[in-house]
Amino acid sequence: NRMLKLSSNTYNDELLDETMVKTLERENATLLMLVRNWELPGALRSMRSLEDRFNKDFHYDWTFLNDVPFDSEFIEATTAMASGKTQYALIPAEDWNRPSWINETLFEEVLQLMEEKNILYGGSKSYRNMCRFNSGFFFRQKILDQYDYYFRVEPDVEYFCDFPYDPFKVMRLNNKKYGFTITMYEYEDTIPSLWETVEEYLEDTDYQDVDMENNAYGFVSNFDFFGKSFAVMDSSSDYNLCHFWTNFEIADLNFFRSERYIKFFEHLDSKGGFYYERWGDAPVHSIAVSLLLNKDEVIHFDELGYKHMPFGTCPSAYYMKLQERCLCDSNHPDNIDLNVISCLRRWWKDGSGKYFLKHDS
Ligand code: GDP
Ligand code: MN
Numbered sequence: 024n025r026m027l028k029l030s031s032n033t034y035n036d037e038l039l040d041e042t043m044v045k046t047l048e049r050e051n052a053t054l055l056m057l058v059r060n061w062e063l064p065g066a067l068r069s070m071r072s073l074e075d076r077f078n079k080d081f082h083y084d085w086t087f088l089n090d091v092p093f094d095s096e097f098i099e100a101t102t103a104m105a106s107g108k109t110q111y112a113l114i115p116a117e118d119w120n121r122p123s124w125i126n127e128t129l130f131e132e133v134l135q136l137m138e139e140k141n142i143l144y145g146g147s148k149s150y151r152n153m154c155r156f157n158s159g160f161f162f163r164q165k166i167l168d169q170y171d172y173y174f175r176v177e178p179d180v181e182y183f184c185d186f187p188y189d190p191f192k193v194m195r196l197n198n199k200k201y202g203f204t205i206t207m208y209e210y211e212d213t214i215p216s217l218w219e220t221v222e223e224y225l226e227d228t229d230y231q232d233v234d235m236e237n238n239a240y241g242f243v244s245n246f247d248f249f250g251k252s253f254a255v256m257d258s259s260s261d262y263n264l265c266h267f268w269t270n271f272e273i274a275d276l277n278f279f280r281s282e283r284y285i286k287f288f289e290h291l292d293s294k295g296g297f298y299y300e301r302w303g304d305a306p307v308h309s310i311a312v313s314l315l316l317n318k319d320e321v322i323h324f325d326e327l328g329y330k331h332m333p334f335g336t337c338p339s340a341y342y343m344k345l346q347e348r349c350l351c352d353s354n355h356p357d358n359i360d361l362n363v364i365s366c367l368r369r370w371w372k373d374g375s376g377k378y379f380l381k382h383d384s
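Encoded structure:
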């Protein structure tokens, strides 16, 4: 406020002061990218887009994580691209590698089988490490201890519009713990036993961390008020396969650090499904968020146009798109919100898990 009062009437000074105010009022947050050295060009494209659309006025820190050391070219170029401070951390091997209790023979068999079935990343070992890391370990990295919020960024993504607000501030002021832009159905082949593992967790913990009256259970369940509802995608369990697309994610680190999330993760991890199947961090985060948080602690960032191949989302309000200088076409087939595989309708439609309880005989 003081800064605003001090501002003179000249246009440039006002702009400068507004930016200074934004910087001064920053939240305790970081932009976060897990990335490989060879992905530098894509990392820079994502950074350029997010800097232009949002961070150039705020100068939030950028944090980069990698399972091998970043090379000097990567560090130099990303530091040059950032408007804020940059920091780089090496992930400890025990947070990244396959645990020793994974049965190697079984694991190799699974890899081959999933490769033959042409399951996306089905034959990849490193992808599994990445998904397990993003499910259970990213928030435990020392370098993140100082922060409350993170904004996950991936290489080669694009933000279509100027941010009309600081999403971190929106989250804190409205008590939001998890924010998303895109939601869709998961490939069931990657998570055949995930849901039964979640159900086991619920029973083991006697539903004690789950508030079915207020959570978003209905978002991930095939059940609604009328019982088993019409499912857009066939699923063989009561999980409807809806998940938040976690390549975009703005969230409260303290949620993931919480005892209840860790307990949830440890239960899943102990079944080995990150390796024997190919559980993604997206369904894992999404199910945890839908069970453990209240639905009103989750925010859909409707105004933030975003693209990660092969899908994007583009705001549809004409005037807002002009105001935010959006570079996207909401009627284009790439806009996932129009596609049957989007779960947005499901998000809008249903609230808590209380309807499920009615049918849980
Ligand atoms: P997709 O979006 O599911 O197709 O998977 P990506 O290849 O984009 O990987 C997801 C995120 O994890 C991206 O930010 C990648 O840069 C990162 N990532 C994936 N595998 C590795 C890895 O082996 N090492 C590191 N350091 N990052 C990885
Ligand atoms: Mn990606």
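This note's numbering numbers the first residue of the sequence shown as 24 and each following residue consecutively. No residue lacks a Cβ here, since even glycine has one placed at the ideal position from N, Cα and C. Every value quoted in this text rests on a predicted model; they were computed, and no experiment measured them.
Strand pairing of residue i, partner residues [DSSP]
i, result
"Phe174", "Leu54, Ile273"
"Asn238", "Asn317"
"Phe324", "For Phe324, which the question treats as bridged, DSSP gives no partner whatsoever."
"Ser339", "Ser339 is not bridged to any residue."
"Ser216", "According to DSSP, Ser216 bridges with nothing at all."
"Tyr262", "Ser244"
"Phe267", "Thr206"
"Ser365", "Met207"
"Tyr329", "Tyr182, Thr336"
"Asn358", "Gly335"
Any non-hydrogen atom of the ligand MN closer than 6 Å to residue i Cβ
i, result
"Asn270", "yes"
"Glu209", "no"
Closer than 6 Å: residue i CB and nearest the ligand GDP heavy atom
i, result
"Ser69", "no"
"Leu55", "no"
"Pro306", "no"
"Ile215", "The amino acid occupying residue 215 in the given sequence is Pro; Ile does not appear at that position. It does not: the Cβ of Pro215 is nowhere closer than 6 Å to a heavy atom of the ligand GDP."
"Pro178", "yes"
"Glu326", "no"
"Glu62", "yes"
"Asn197", "no"
"Asp227", "no"
"Asn141", "no"
"Val58", "yes"
"Asn237", "no"
"Asn120", "no"
"Phe260", "Inspection of the sequence shows that residue 260 is occupied by Ser rather than by Phe. The answer is no for Ser260."
"Met153", "yes"
"Asp90", "yes"
"Ser149", "yes"
Where residue i falls, given that 16 or more other Cβ within 10 Å makes a residue buried
i, result
"Arg368", "exposed"
"Ser365", "buried"
"Trp371", "exposed"
"Ala122", "For clarity, residue 122 is Pro in the given sequence; the question names Ala instead. Result: exposed."
"Asp383", "Its pLDDT being 49, under 50, Asp383 is placed unreliably in this model, and the value from its coordinates should be taken loosely. With fewer than 16 other Cβ atoms within 10 Å, it is exposed."
"Asn198", "exposed"
"Tyr224", "buried"
"Pro190", "buried"
"Met332", "exposed"
"Asp360", "buried"
"Thr200", "It is worth fixing the name first, because residue 200 is Lys in this sequence and not Thr. Result: buried."
"Tyr284", "buried"
"Ser31", "Any reading at Ser31 needs caution, since the residue's pLDDT is 46, under 50, leaving its predicted position unreliable; the model's value is listed next. The residue in question, Ser31, is exposed, as its Cβ has fewer than 16 Cβ neighbours within 10 Å."
"His266", "buried"
"Trp61", "exposed"
"Asn354", "exposed"
"Ser339", "exposed"
"Glu282", "exposed"
"Ser313", "buried"
"Tyr329", "buried"
"Val180", "buried"
"Thr128", "exposed"
"Arg301", "buried"
"Ser95", "exposed"
"Pro356", "exposed"
Cβ distance (whole Å) where residue i is taken to contact residue j below 8 Å
i, j, result
"Tyr208", "Thr53", "The pair is not a contact, with the Cβ atoms about 31 Å apart (cut-off 8 Å)."
"Leu276", "Phe162", "5 Å"
"Ser158", "His308", "7 Å"
"Met104", "Arg71", "6 Å"
"Ile414", "Phe334", "Because the chain spans 24 through 384 in this model, residue 414 falls outside it and cannot be assessed."
"Leu315", "Val233", "7 Å"
"Tyr182", "Leu73", "6 Å"
"Ser260", "Glu219", "7 Å"
Residue i Cβ short of 6 Å to the ligand ATP heavy atom set
i, result
"Met43", "This structure simply doesn't include the ligand ATP; it includes the ligand GDP and the ligand MN instead."
Unbroken stretches of the beta strand (DSSP E), 3 residues or longer, contained in the stretch 134 to 214: You should have 172 to 175, 180 to 182, 201 to 203, 206 to 208.
Ranges of the alpha helix (DSSP H) found wholly within the stretch 72 to 132, counting only runs of at least 4: As far as the stretch 72 to 132 is concerned, its whole alpha helix (DSSP H) runs of at least 4 residues are 95 to 104, 116 to 119.
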